[in-house]
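Protein sequence lines correspond, in order, to chains A and B. Here the first sequence is numbered in my numbering, starting from 8 and rising by one per residue. Here the second sequence is numbered in my numbering, starting from 8 and rising by one per residue. A virtual CB, placed ideally from N, CA and C, is assigned to each residue, including glycine. Please read these numbers as outputs of a predicted model, since none were measured by experiment.
2 protein chains.
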Amino acid sequence: MDRHYLNLVQKLEEITHLNGVMSTLGWDQEVMMPAGASEARAKQIAALAGVIHECMTDPALGDCLNELKEKNSDCLGEAERCNIREALHSYELETKVPKRLVQELAELGSRGQGIWVMARQENKFSNFVPVLKQFLELKTEWAQRISPDLKPYDANIDLFERGTTMDMITPIFERLKQELIPLIEAIQNHPQQPDTSFLQGRFALDKQEALARKISQDIGFNTDRGRIDVSVHPFCGGSHPTDVRITTRYKESDFIESLYSVIHETGHALYEQGRPHELGDLPASESLTMGIHESQSLFWERMVAQSKPFCSHYFDTIRTAFPDNLQSATVDSFYRAINSCKPDFIRVEADEVTYPLHVILRYEIEKGLFGGSMQVDDLPGIWNELMQKYLGIKPPTDTLGVLQDSHWSGGAFGYFPSYTLGAMYACQFYNTLLNEQPEVEKNIAAGNFAPIKGWLNEKIHRQGRLYTSQELVQRVTGEALNPDYFIGYLKNKYSEIYALV
Amino acid sequence: MDRHYLNLVQKLEEITHLNGVMSTLGWDQEVMMPAGASEARAKQIAALAGVIHECMTDPALGDCLNELKEKNSDCLGEAERCNIREALHSYELETKVPKRLVQELAELGSRGQGIWVMARQENKFSNFVPVLKQFLELKTEWAQRISPDLKPYDANIDLFERGTTMDMITPIFERLKQELIPLIEAIQNHPQQPDTSFLQGRFALDKQEALARKISQDIGFNTDRGRIDVSVHPFCGGSHPTDVRITTRYKESDFIESLYSVIHETGHALYEQGRPHELGDLPASESLTMGIHESQSLFWERMVAQSKPFCSHYFDTIRTAFPDNLQSATVDSFYRAINSCKPDFIRVEADEVTYPLHVILRYEIEKGLFGGSMQVDDLPGIWNELMQKYLGIKPPTDTLGVLQDSHWSGGAFGYFPSYTLGAMYACQFYNTLLNEQPEVEKNIAAGNFAPIKGWLNEKIHRQGRLYTSQELVQRVTGEALNPDYFIGYLKNKYSEIYALV
């Protein structure tokens, strides 16, 4: 093997291992760390981040990559070429931005977070305006340095959804609007709404925890290589495919939230546990884009766990856990209740039909801000107008409107589209699975999830970063991202639930 | 402030922060990490250890220290001088040893651990012999490089108990043997032994956990800056004085073990939480030697928690937790039961009277091995002979004898004396406290631990590393380490418990 390549492997594995350490620190901070330790932890994280940055920008790494770039790569395999390509991409991301800009972005991100928390609490968008304006300026400069050939907003999207641009997203999102706005109106106008009353009440936390753990393990989460814990916001973290850690939160008043958040995070976790780490702790074994990751969580949360066969398999288990609450419910009423659709103000609480419109609204605003057709000062008005147009409701406060998400306070522009790209990927993957495994619904109804997990492992998880997300979707489903599957799925499902004509 | 000094502070704080990260990884590994992650974790730890080693041996740090060493230090305060002195010491420890030797020691430590585990399991000392022989060779070479002026075993002791040598330890340990061997014989020969039957039975784990947590917090453990968890072996870890984490284990058959191990670890934790970190995350704010650390755990475990006033304060609480078990017990019988003395084979299970003899035996063996008067091959015989001589019992197997401790398998020679130095320091400190706070026993009986904790904070914890352990003992107690306090304490206490004449 080429000595430059072996040298590269060593350097990249060191970076992966140190990033694994950083992930453990992050998990610990959310799940275990005593409150009084936050100042010391911030310093520890800064020290480690500095070390990782030095490794990632090490001129010796650059030299090594340059040697390899110019080599004839015929003697290298697919994974080796992927490692070189991905390492070059990361190296350029880390080295193309001047230190001054890195520091300004870091400083604004840390300050912006605090300002946003206060602005949201006090419902004062104007206090958040200067942060947003400065971020737009810095993120535009950053984009021009990183990817001078891309439009600035495309460069921001690229960070989360490599290779995906506005030109690809806009027509798809237009299609979604065209189809979903009337669907939601029809649902809203229907006189009979599902009975969800039995989902309210008191649900013992230990029963919730046992139920969520059982279902997560049934689906395939391997607790020899992972953990389930509690944190304020659910997430999937951990340091390695052999150490994947998901969290949730338990509220006595709502077991559906904890159960479905565990299933969602389990979807992320199965992706992480399924990565091909026998290729080494190297880029080729890493997960792909945010959208593909989200497709895995939504695959299990929505395509599997919000389906009728899933409800029929677990209904008795769930009713046994909460006998006082679910006495009058049936499989069918339970299925309808967990799939009720209702426009509301908050994205993270939205159902699968209204969720895309929350995302599209944010996408259009980000696009408008970077493109110059919208101004930061006008955002509250624009937000509320779009909410009215897309979901038929107007947030009574900016706290419930333009100030609700944390993303912009840290400069994460271009992230939102991933949620809906993920939802569409999930649906398209599920459609392919249905063709390849016609018995899939029977398997779900029997609690036999292994063939589904095996299919995802083989088709997606074990592909690591060998292909772009566009190539992966093509390889798995035989076509490019096609919103028809998602639209068809929603129309069929909700026409049935709401008995629409 | 001198720019070299500011430069030094920055480098030292980075090392402290990265060491804090390492401690969090260590805690996580023992308490949280899923079993399947051990291989990935080992690589993460190795990567971080490499980074820390580079920081500690950075030639720029050496240059900076040399500049400062030659400066007139009159303009620097006590803490600043301490930071320079300690940093120089660490730098020399890290740089005086050739890389080849560092690697050989690391490799042997890792291999030796596995060989020891198997040898102990199979009761085959001969399999462990080559490891011990190679360690003696390497540790002798290491000692000659680190401290050519010290005898090799003294250099090993110095790593754990800076400034303490065989010349200081041997006469003290001779004194202990002279006094404790006859005391233990008298105790053993006494016809009436304490009734410990009520300490056997089944003790619900949740009650044990609540009791241990309550008493730890009563004593002063601050859970805003720390945690209590479960691990296979109890320890005190954590990453910073604001993040101190103790662990214990709970067995249904024994609540005394978990309770007193939590009190012991709380003693370590109070030291860590009490460190003067407002001086910066720098050597001056660190804890002193292993012996001083052990003095803090034993102070609370033995001097406070094994005392009659402590038993009288908590007896009702304990009996309420375990009403079925302790119905027939009284404060007095409880006090006698937890202080029963009986020679046994295993050091870690020994009581405070027999414990020093376990330590002295190991000390004499280590001294004999490094000095050349003993040979590795003869150790099982020597061990059993000394056990017979000091404790009147002979281990039936090497598993219960010379193979019981893990220390030698990792090359930790010179560590054992710290346990008994700590016990003697604890007793001497307590004697001074009694003089300065004559109401201390009344306070313990009333559960008023704040004055005791305050005294330890002020006299010991907040002194960091400003003084050597020898200086510290002199400053706190007005005299050098004096075994009379420990001997007198044991004689008085056990003469009373066993009604010796």
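message: If the cut-off is 7 Å on Cβ atoms, which residues from the region 234-258 of chain A count as contacting chain B, listed in chain order?
response: Under the 7 Å Cβ criterion, the region 234-258 of chain A contributes Arg234, Ser246, His247, Thr249, Asp250.
query: Under a CB-based cut-off of 8 Å, is aspartate 231 of chain A close to chain B?
result: Chain B contact via Cβ: present.
- request: Use the C-beta contact count for glutamine 313 of chain A: other C-beta atoms within 10 angstroms, 16 or more gives buried, fewer gives exposed.
  value: Counting C-beta atoms within 10 angstroms of its own C-beta, glutamine 313 of chain A has 16 or more neighbours from the protein chains shown and is therefore classed as buried.
Local Cβ density within 10 Å of valine 109 of chain A, reported as buried at 16 or more and exposed below that: By the 16-neighbour rule on beta-carbons within 10 angstroms, valine 109 of chain A is exposed.
message: Using beta carbons (cut-off 8 Å, strictly below), is threonine 35 of chain A in contact with chain B?
response: Contrary to the premise, residue 35 of chain A reads as aspartate rather than threonine in this sequence. It does; some Cβ of chain B falls within 8 Å.
- request: Measuring alpha carbon to alpha carbon, tell me which of A/Ile226, A/Trp415, A/Leu277, A/Asp491 ends up nearest alanine 457 of chain A.
  value: Measuring from the Cα of alanine 457 of chain A, the nearest candidate turns out to be A/Ile226.
Candidates B/Ser425, B/Trp462, B/Ile372, of which the one nearest asparagine 442 of chain B by Cα: With distances taken between Cα atoms, asparagine 442 of chain B lies closest to B/Trp462.
- prompt: Is glutamine 470 of chain A buried or exposed, if buried means 16 or more other CB atoms sit within 10 Å of its CB?
  reply: When all chains shown are included, glutamine 470 of chain A counts as buried.
- request: Answer with buried or exposed for valine 311 of chain A, where buried requires no fewer than 16 other C-beta atoms within 10 angstroms of its C-beta.
  value: Classification for valine 311 of chain A: buried.
message: What would DSSP say about threonine 177 of chain B, mapped onto helix, strand or coil?
response: In this structure, threonine 177 of chain B counts as helix in the three-state DSSP scheme.
message: So, with DSSP's three-state summary, where would you put cysteine 509 of chain A?
response: Past the edges of chain A, shown from 8 to 508, lies residue 509 of chain A, and the structure says nothing about it.
query: Using a C-beta cutoff of 8 Å, does threonine 31 of chain B count as contacting chain A?
result: It does; some Cβ of chain A falls within 8 Å.
- request: Give the straight-line distance between the Cα atoms of threonine 255 of chain B and isoleucine 299 of chain B, rounded to the nearest whole angstrom.
  value: When rounded, the distance between both Cα atoms is 21 Å.
query: What is the DSSP secondary structure of isoleucine 191 of chain B, counted as helix, strand or coil?
result: Helix.
task: Quick one: grab the DSSP three-state call for isoleucine 467 of chain A.
output: Residue state, collapsed to three classes: coil.
query: Taking the alpha-carbon positions, what's the tryptophan 415 of chain B to isoleucine 122 of chain B distance?
result: Distance from the CA of tryptophan 415 of chain B to the CA of isoleucine 122 of chain B, rounded to the nearest whole angstrom, comes to 11 Å.
query: Should methionine 63 of chain B be flagged as near chain A, meaning a C-beta pair shorter than 8 Å?
result: Interface with chain A (8 Å Cβ-Cβ cutoff): methionine 63 of chain B is excluded.
- prompt: Nearest chain B C-beta to glutamate 46 of chain A closer than 8 Å, yes or no?
  reply: True, the Cβ-Cβ gap to chain B drops below 8 Å.
message: Does any residue of chain B have a CB that is nearer than 8 Å to the CB of histidine 24 of chain A?
response: Contact of histidine 24 of chain A with chain B is assigned, a C-beta pair being separated by under 8 Å.
task: For alanine 113 of chain B, decide whether its Cβ has a neighbour in chain A, counting only Cβ atoms nearer than 8 Å.
output: For alanine 113 of chain B, not one C-beta of chain A is nearer than 8 Å to its own C-beta.
- request: Take serine 425 of chain B and list the residues in its own chain whose beta-carbon comes closer than 6 Å to its own, dropping the five residues that flank it on each side.
  value: Around serine 425 of chain B, the same chain offers Phe167, Glu168, Met297, Gly298, Glu301 as residues with beta carbons nearer than 6 Å, after the five sequence neighbours per side are excluded.
query: Does the distance from the C-beta atom of valine 409 of chain B to that of phenylalanine 205 of chain B stay below 8 Å?
result: Phenylalanine 205 of chain B is positioned such that its CB atom lies no closer than 8 Å to that of valine 409 of chain B.
- request: Starting from the Cα of valine 237 of chain A, find the closest Cα among A/Glu308, A/Asn229, A/Leu212 and give me that residue.
  value: Of the listed residues, the one whose Cα sits closest to valine 237 of chain A is A/Leu212.
query: In whole angstroms, what is the alpha-carbon distance linking aspartate 202 of chain A and threonine 31 of chain B?
result: Distance between the alpha carbons of aspartate 202 of chain A and threonine 31 of chain B: 48 Å.
query: What in chain A is Cβ-close to glycine 43 of chain B, meaning under 7 Å?
result: Within chain A, the residues near glycine 43 of chain B are Asp231, Arg232, Thr249.
- prompt: Hey, how far is the Cα of methionine 431 of chain A from the Cα of arginine 326 of chain A?
  reply: Cα to Cα, methionine 431 of chain A sits roughly 32 Å from arginine 326 of chain A.
field: Sub-8 Å separation of threonine 337 of chain A and cysteine 348 of chain A beta-carbons
entry: In this structure, threonine 337 of chain A keeps its C-beta atom at 8 Å or more from the C-beta atom of cysteine 348 of chain A.
task: Give a yes or no on whether the C-beta atoms belonging to isoleucine 451 of chain B and phenylalanine 317 of chain B are separated by under 8 Å.
output: Their beta carbons are under 8 Å apart, which means isoleucine 451 of chain B touches phenylalanine 317 of chain B by this criterion.
message: DSSP three-state label for isoleucine 353 of chain A, please.
response: DSSP places isoleucine 353 of chain A in the coil class of the three-state scheme, outside both helix and strand.
query: Just to confirm, are glutamate 111 of chain A and leucine 145 of chain A a CB contact at a threshold of 8 Å?
result: Against a cut-off of 8 Å, the Cβ pair of leucine 145 of chain A and glutamate 111 of chain A comes out as a contact.
message: So arginine 472 of chain A and cysteine 89 of chain A are supposed to be a Cβ contact under 8 Å. How far apart are they, rounded?
response: The Cβ separation is near 6 Å, so the contact holds.
task: Would you be able to state if there are at least three C-beta pairs under 8 Å between the region 358-372 of chain A and the region 177-188 of chain A?
output: Touching, per the Cβ criterion.
field: chain A contact residues for glutamate 21 of chain B, given Cβ-Cβ distances below 8 Å
entry: Taking a Cβ-Cβ threshold of 8 Å, the residues of chain A close to glutamate 21 of chain B are Ala54, Gly57, in chain order.
- request: Using the Cα positions of leucine 157 of chain B and glycine 170 of chain B, report the straight-line distance between them to the nearest angstrom.
  value: Those two C-alpha atoms are separated by around 10 Å.
query: At least one CB of chain B closer than 8 Å to the CB of glutamine 224 of chain A: is that the case?
result: In terms of beta-carbon proximity, glutamine 224 of chain A stays away from the interface with chain B, with every pair separated by 8 Å or more.
query: Secondary structure at arginine 472 of chain B, three-state DSSP: helix, strand or coil?
result: Judged by DSSP in its simplified three-state form, arginine 472 of chain B adopts coil rather than helix or strand.
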